[in-house]
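Participant: My questions all concern the structure below.
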Amino acid sequence: MGSRTAQLASHAGLPSVTTSRMRRATFFSFVFLGTVIGIWLLFLMLQVDGMAWYEVGIILVFIPLYYQLNVGFWTALIGVWIMNRAKPDPVDLFRTITKDDLDAPLHATTAIIIPVYNEDVTRVFEGLRAVYNSLNKTGKLEHFDFFILSDSDDSNKWIEEETGWLELCRQLNAFGRIFYRKRRTPINRKSGNVSDFCRRWGKRYRYMIVFDADSVMSGSLMVNMVRIMEKNPGVGILQTFPKQIGADTFLGRVMQFAQALYGPAFIAGLNYWQCGEANFWGHNAIIRLAPFIEYCALPPLPAKVPFGGHIMSHDFVEAALMRKAGYAVRLIPTDHGSYEEGPPTLIDMLKRDRRWCLGNMQHFWLLFARGWHPISRLNFFHGIMSYVSSPLWLIFLVLGTIMAGMGEGVMGQQASFAGQLLLLLTLMFIFLPKTVIVMDEVVTGRMFKPFRLRMLTAFSSLLDTLLFTFMAPVMMIFHSKFVMKTILGQGVSWVAQRRKLGSGIDWREPILTFGGTSILGVAWGVLAFFISSNFLLWISPVLLALVVAIPFAIMTSSNRSLQRFGLFLTPEELHPPPVLQALNQHLKEVKDRPKMQPEMEQRYGLIQVCLDPYVNGLHVSLLRRRKHPHHSREYFAYLAQKLVAQGPNSLSSKELVAVLYDQDSVTHLHYQLWSAADENLAPFWRLAIRQYNLVAPNPFTHLLAQKEVTA
Amino acid sequence: MEAVTIHFAPKTGSEEEWNEAYARLADYFRSFRLHNRIRRTQLILETLRRAADAHEADPKRTPTAHAIEQARLMLREWLGQIYEGMELTESQIEGSGRLGFHLCDGPTRWPHFFIDRDNLPPDMAEAMRSAIRASGPRLQVSKMTPRAIDLGLFGDEEEDETDRRPFAFVRYFVLLLFVAAVLTAVYRLTIDK
Numbered sequence: 000m001g002s003r004t005a006q007l008a009s010h011a012g013l014p015s016v017t018t019s020r021m022r023r024a025t026f027f028s029f030v031f032l033g034t035v036i037g038i039w040l041l042f043l044m045l046q047v048d049g050m051a052w053y054e055v056g057i058i059l060v061f062i063p064l065y066y067q068l069n070v071g072f073w074t075a076l077i078g079v080w081i082m083n084r085a086k087p088d089p090v091d092l093f094r095t096i097t098k099d100d101l102d103a104p105l106h107a108t109t110a111i112i113i114p115v116y117n118e119d120v121t122r123v124f125e126g127l128r129a130v131y132n133s134l135n136k137t138g139k140l141e142h143f144d145f146f147i148l149s150d151s152d153d154s155n156k157w158i159e160e161e162t163g164w165l166e167l168c169r170q171l172n173a174f175g176r177i178f179y180r181k182r183r184t185p186i187n188r189k190s191g192n193v194s195d196f197c198r199r200w201g202k203r204y205r206y207m208i209v210f211d212a213d214s215v216m217s218g219s220l221m222v223n224m225v226r227i228m229e230k231n232p233g234v235g236i237l238q239t240f241p242k243q244i245g246a247d248t249f250l251g252r253v254m255q256f257a258q259a260l261y262g263p264a265f266i267a268g269l270n271y272w273q274c275g276e277a278n279f280w281g282h283n284a285i286i287r288l289a290p291f292i293e294y295c296a297l298p299p300l301p302a303k304v305p306f307g308g309h310i311m312s313h314d315f316v317e318a319a320l321m322r323k324a325g326y327a328v329r330l331i332p333t334d335h336g337s338y339e340e341g342p343p344t345l346i347d348m349l350k351r352d353r354r355w356c357l358g359n360m361q362h363f364w365l366l367f368a369r370g371w372h373p374i375s376r377l378n379f380f381h382g383i384m385s386y387v388s389s390p391l392w393l394i395f396l397v398l399g400t401i402m403a404g405m406g407e408g409v410m411g412q413q414a415s416f417a418g419q420l421l422l423l424l425t426l427m428f429i430f431l432p433k434t435v436i437v438m439d440e441v442v443t444g445r446m447f448k449p450f451r452l453r454m455l456t457a458f459s460s461l462l463d464t465l466l467f468t469f470m471a472p473v474m475m476i477f478h479s480k481f482v483m484k485t486i487l488g489q490g491v492s493w494v495a496q497r498r499k500l501g502s503g504i505d506w507r508e509p510i511l512t513f514g515g516t517s518i519l520g521v522a523w524g525v526l527a528f529f530i531s532s533n534f535l536l537w538i539s540p541v542l543l544a545l546v547v548a549i550p551f552a553i554m555t556s557s558n559r560s561l562q563r564f565g566l567f568l569t570p571e572e573l574h575p576p577p578v579l580q581a582l583n584q585h586l587k588e589v590k591d592r593p594k595m596q597p598e599m600e601q602r603y604g605l606i607q608v609c610l611d612p613y614v615n616g617l618h619v620s621l622l623r624r625r626k627h628p629h630h631s632r633e634y635f636a637y638l639a640q641k642l643v644a645q646g647p648n649s650l651s652s653k654e655l656v657a658v659l660y661d662q663d664s665v666t667h668l669h670y671q672l673w674s675a676a677d678e679n680l681a682p683f684w685r686l687a688i689r690q691y692n693l694v695a696p697n698p699f700t701h702l703l704a705q706k707e708v709t710a
Numbered sequence: 000m001e002a003v004t005i006h007f008a009p010k011t012g013s014e015e016e017w018n019e020a021y022a023r024l025a026d027y028f029r030s031f032r033l034h035n036r037i038r039r040t041q042l043i044l045e046t047l048r049r050a051a052d053a054h055e056a057d058p059k060r061t062p063t064a065h066a067i068e069q070a071r072l073m074l075r076e077w078l079g080q081i082y083e084g085m086e087l088t089e090s091q092i093e094g095s096g097r098l099g100f101h102l103c104d105g106p107t108r109w110p111h112f113f114i115d116r117d118n119l120p121p122d123m124a125e126a127m128r129s130a131i132r133a134s135g136p137r138l139q140v141s142k143m144t145p146r147a148i149d150l151g152l153f154g155d156e157e158e159d160e161t162d163r164r165p166f167a168f169v170r171y172f173v174l175l176l177f178v179a180a181v182l183t184a185v186y187r188l189t190i191d192k
């Protein structure tokens with residue numbers, strides 16, 4: 000593969016070149032039209048009496064912003080059109096499967112891989128159980144293997160994962176079908192974990208379905224995806240639309256609702272113009288392994304981390320590499336059977352965005368690289384713009400403030416007319432897609448058949464508009480910070496993503512996080528007041544959102560999510576499909592169990608591996624024997640002694656992990672603890688030994704639902 | 000009902016120490032999920048007797064330490080017997096062996112035979128052996144080597160072919176005309192006459 004996009008390996012699965020060209024010509028003509036008209040109107044507004052530097056600046060930042068607005072607008076509108084077309088989309092890949100195909104046996108082997116990093120073990124393994132059982136119901140389970148690929152560096156999570164794996168295998172009788180692998184050194188994070196799987200086991204499988212720790216997919220969808228890949232050998236990656244599920248906070252439910260309502264139109268629109276050059280989102284997708292192994296290994300970027308080095312947002316790059324190698328990357332516009340969870344609070348969302356921002360900004364290196372398909376290049380650009388647009392918007396507002404401060408208003412009839420037109424046009428670009436999608440729902444009942452629910456959906460949409468109006472300026476400030484931090488070379492640490500609120504709202508966190516934002520809002524408001532009341536009115540929606548950021552973050556983190564009023568409902572909440580029903584039921588069973596003492600609950604994995612003869616045996620069996628154990632024997636003995644005598648808090652997390660990696664130390668620790676006299680044990684262990692058998696009738700099922708062993 | 004006489008008279012160590020050893024052993028054997036109390040009691044007594052002998056020989060160590068050590072030795076001997084000929088190292092026999100008993104549901108199915116060297120039901124031994132035979136899928140190592148990405152400016156683009164569908168030129172021309180017409184209309188609408 001040189002610096003040129005390869006000819007397609009096969010056209011099966013890819014819309015013809017002419018179809019793609021026609022679609023893109025149409026789509027980008029509309030985008031071009033909308034953008035140019037906007038720029039022209041703004042120019043007419045500002046050009047009276049010549050253009051000052053800040054007016055030139057306003058136009059310059061306005062261009063990419065308006066382009067982005069237009070891309071969203073036309074994607075959604077075309078999506079709605081596609082969804083309502085009498086004849087189905089000719090490029091829909093589901094149409095390539097015939098009735099005969101559905102009855103035909105599968106010949107391909109597929110690995111389902113779940114990379115995990117310090118995740119909620121119950122959620123991961125219960126999700127896996129739901130997926131496994133769903134596949135079992137299709138009768139095609141034998142063609143799938145499951146791999147939990149752990150990079151967890153929290154010793155407790157590590158042991159919990161091992162016990163969760165063993166117990167799930169035991170309950171499902173799935174030894175030899177569900178595998179667990181723990182990497183000692185998590186090189187290159189998630190993408191490195193996936194590559195490591197590919198290197199070790201990739202040749203055994205024709206396809207791999209990549210999951211996130213919170214992904215759930217129905218068996219029938221996965222079997223159909225394999226069939227589609229079999230029927231369309233030109234497709235390298237097939238990405239599904241993962242719908243958000245399981246939210247229990249106000250913000251989480253609103254995001255979940257918005258994605259369920261507006262998502263399908265955007266996905267249909269994206270599929271319309273992206274054709275065979277769609278994006279990979281890193282999970283809930285099936286990948287053809289041979290070309291992935293051959294062409295999609297990621298080289299490091301020039302310069303040092305964070306802007307260079309290891310590619311963090313690997314998915315976009317892998318999609319571009321796959322297309323460059325001559326395989327199509329397709330989006331499958333179905334809204335059933337593919338699910339994930341979203342962040343529960345605004346702060347969690349921002350933490351996630353911080354990582355994504357850095358990853359997307361790294362793509363700047365690749366934007367001008369040779370050989371990408373133009374749409375892959377555009378995908379990189381859109382990814383970068385999704386964060387860079389925030390500082391651009393901020394600059395736009397700052398320049399607007401300067402302009403108002405200079406006493407420049409919109410003068411003249413022509414400028415005033417252009418301004419009014421621009422305002423109308425912009426409002427249309429912002430709100431028309433939502434309006435059309437809501438009307439589509441009210442008329443067609445795509446989400447809900449009962450008319451009452453359709454009306455509640457329309458009302459919920461009105462409310463979410465209000466919420467997003469308050470959220471957008473806060474996101475703008477934070478995304479701007481993230482972009483600046485990235486440019487200034489501040490990296491991000493790899494942390495597990497929080498998916499549930501858990502112990503409730505911590506008030507200090509929003510106050511500390513958004514305090515500065517609120518002060519900025521107040522200061523800007525005072526400035527605007529002194530400039531002019533008209534300007535204050537114009538900018539007040541943005542400033543108000545900044546001022547109330549703290550109560551907004553607290554309010555949206557609440558568990559009062561208006562579900563009982565029938566607001567923000569999604570079909571998955573109201574009528575969960577079987578795979579989600581099973582998951583919810585099992586999660587509830589575990590959640591309803593009495594909790595242990597917090598100290599024991601927090602260190603349960605460690606207690607298990609040290610005290611429980613079976614868990615200890617499991618852990619030792621899964622460890623590789625070290626080549627030169629005698630080199631560090633004394634050091635491990637010292638750490639083990641410290642752990643026994645002073646308790647787990649006396650060791651750092653790295654020291655704990657180091658001890659747990661040594662077979663002999665772990666075996667010895669087990670007997671050392673049980674044989675130590677009470678006075679030689681740390682209070683933590685005295686309590687643990689006394690209580691262990693009481694709180695854990697079966698330690699393996701502590702984190703999992705207790706189910707009968709499958710025959 | 001016959002009276003049960005328990006003979007346990009250690010020559011060394013205090014009563015308090017042996018009580019502590021008893022309690023620890025009880026907890027230890029419970030952690031094996033042996034719900035059969037009679038078997039558990041038998042095991043505790045047997046272990047304590049061996050521990051008493053060991054304590055007499057080495058009274059510096061506590062009875063609890065001796066008791067757990069004896070339990071470990073008894074377990075090792077028992078597991079060694081079961082996994083004989085499977086080419087496992089000492090630590091593998093201990094670790095995997097214990098696990099094998101759990102995986103074949105030993106605590107429920109064969110609680111009476113746990114650490115009983117004289118009575119090894121063949122089905123239990125076979126179940127324990129086969130439980131640890133299952134291993135992961137065979138590695139099929141492949142190379143996944145990153146290829147350098149030429150970060151030079153743009154360069155060659157994809158292989159697009161000429162649109163050869165009917166009236167391709169006319170269709171693109173109409174699209175272009177439409178775009179130009181809309182732009183002209185907006186221009187005429189907004190420009191001062």
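Residue numbers (numbering that gives the first Met the number 0), protein chains in the order written: chain U, 0 to 710; chain W, 0 to 192. The beta carbon of each residue, even a glycine, is placed where N, CA and C say it ideally should be.
Mind checking residue 52 of chain U: buried by the 16 CB within 10 Å criterion, or exposed?
Facilitator: exposed
Participant: To be precise: take each residue of the stretch 646-676 of chain U, compare its Cβ to all Cβ atoms of chain W, and keep it if any distance is under 7 Å. Which residues remain?
Facilitator: 662, 663, 666, 670, 673, 674 and 676
Participant: Does the beta-carbon distance from residue 611 of chain U to residue 95 of chain W come in below 7 Å?
Facilitator: no
Participant: Go through its chain and collect everything with a Cβ distance to residue 111 of chain W's Cβ below 6 Å, but skip five positions before and after it.
Facilitator: 38
Participant: To which residues does DSSP link residue 237 of chain U through a beta bridge?
Facilitator: DSSP output for residue 237 of chain U lists U:285 and U:329 as bridge partner(s).
Participant: Quick one, which of U:157, U:568 and U:686 has its alpha-carbon nearest residue 595 of chain U's?
Facilitator: U:686
Participant: What would DSSP say about residue 90 of chain U, mapped onto helix, strand or coil?
Facilitator: Judged by DSSP in its simplified three-state form, residue 90 of chain U adopts coil rather than helix or strand.
Participant: I'd like to check one pair, residue 46 of chain W with residue 676 of chain U: are the Cβ atoms closer than 7 Å?
Facilitator: no
Participant: Could you confirm whether any beta carbon from chain W is found closer than 7 Å to the beta carbon of residue 271 of chain U?
Facilitator: no
Participant: Helix, strand or coil: which one does DSSP assign to residue 178 of chain U?
Facilitator: strand
Participant: Excluding five sequence neighbours on each side, which residues of the same chain lie with their C-beta closer than 6 Å to the C-beta of residue 181 of chain U?
Facilitator: 149
Participant: Can you name, in chain order, every residue of its own chain whose Cβ lies under 8 Å from the Cβ of residue 73 of chain U, other than the five neighbours on each side?
Facilitator: Within the same chain, and ignoring the five residues on either side of residue 73 of chain U in sequence, the residues whose Cβ sits closer than 8 Å to its Cβ are 26, 29, 30, 33 and 268.
Participant: Closest Cβ-Cβ distance between residue 149 of chain U and chain W: below 7 Å?
Facilitator: no
Participant: Tell me the DSSP secondary structure of residue 308 of chain U in three-state form.
Facilitator: strand
Participant: Starting from residue 101 of chain W, find everything on chain U with Cβ-Cβ shorter than 7 Å and list it in chain order.
Facilitator: 613
Participant: Applying the 10 Å Cβ sphere with the 16-neighbour rule, what's the burial state of residue 65 of chain W?
Facilitator: When all chains shown are included, residue 65 of chain W counts as buried.
Participant: Ordered along the chain, which non-local residues of its own chain (more than five positions away) have a Cβ less than 7 Å from that of residue 528 of chain U?
Facilitator: 535
Participant: According to DSSP, simplified to helix, strand and coil, what is residue 158 of chain U?
Facilitator: helix
Participant: Taking 7 Å as the CB-CB limit, is residue 53 of chain W close to chain U?
Facilitator: no
Participant: Return yes when the Cβ of residue 54 of chain U is within less than 7 Å of the Cβ of residue 45 of chain U, no when it is not.
Facilitator: yes
Participant: Determine the DSSP secondary structure at residue 109 of chain U, reduced to helix, strand or coil.
Facilitator: Looking at residue 109 of chain U - three-state DSSP - the assignment turns out to be strand.
Participant: How far does the alpha helix (DSSP H) with residue 15 of chain U in it reach, from first residue to last?
Facilitator: No alpha helix (DSSP H) contains residue 15 of chain U, which DSSP labels as neither H nor E.
Participant: Please classify residue 454 of chain U as buried or exposed, where buried requires at least 16 other C-beta atoms within 10 Å of its C-beta.
Facilitator: exposed
Participant: Just by C-beta distance, which residues in the stretch 581-612 of chain U are closer than 9 Å to chain W?
Facilitator: 610, 611 and 612
Participant: Sorted by chain position, which residues of the same chain lie with C-beta nearer than 6 Å to residue 168 of chain U's C-beta, five sequence neighbours on each side aside?
Facilitator: 174 and 177
Participant: Return helix, strand or coil for residue 338 of chain U, following the three-state DSSP convention.
Facilitator: Three-state DSSP puts residue 338 of chain U in a strand.
Participant: Between residue 346 of chain U and the rest of its own chain, which residues show a CB-CB distance below 7 Å, the 5 nearest in sequence each way excluded?
Facilitator: 508, 509, 512 and 552
Participant: Tell whether a beta-carbon distance below 7 Å holds between residue 619 of chain U and residue 671 of chain U.
Facilitator: No. Outside cutoff.
Participant: If we call anything under 7 Å between Cβ atoms a contact, is residue 331 of chain U one with residue 286 of chain U?
Facilitator: no
Participant: Between residue 246 of chain U and residue 255 of chain U, how many whole angstroms is the CB-CB distance? I'm expecting something under 8 Å.
Facilitator: With a beta-carbon spacing of about 4 Å, residue 246 of chain U and residue 255 of chain U fall inside the 8 Å limit used to define contacts.
Participant: State the start and end residues of the unbroken beta strand (DSSP E) segment that holds residue 207 of chain U.
Facilitator: Going by DSSP, residue 207 of chain U is part of the beta strand (DSSP E) stretching over 206-209.
Participant: By the three-class DSSP mapping on this structure, what secondary structure does residue 59 of chain W have?
Facilitator: DSSP places residue 59 of chain W in coil when its eight states are reduced to three.
Participant: What residue range is occupied by the uninterrupted alpha helix (DSSP H) comprising residue 394 of chain U?
Facilitator: 373-404
Participant: By the criterion of Cβ-Cβ separation under 9 Å, what are the contact partners of residue 219 of chain U in chain W?
Facilitator: Those within 9 Å of residue 219 of chain U in chain W number zero; the least Cβ separation is about 25 Å.
Participant: Out of U:321, U:540 and U:477, state which residue places its alpha-carbon closest to the alpha-carbon of residue 372 of chain U.
Facilitator: U:321
Participant: Is the distance from the Cβ of residue 278 of chain U to the Cβ of residue 315 of chain U below 7 Å?
Facilitator: yes
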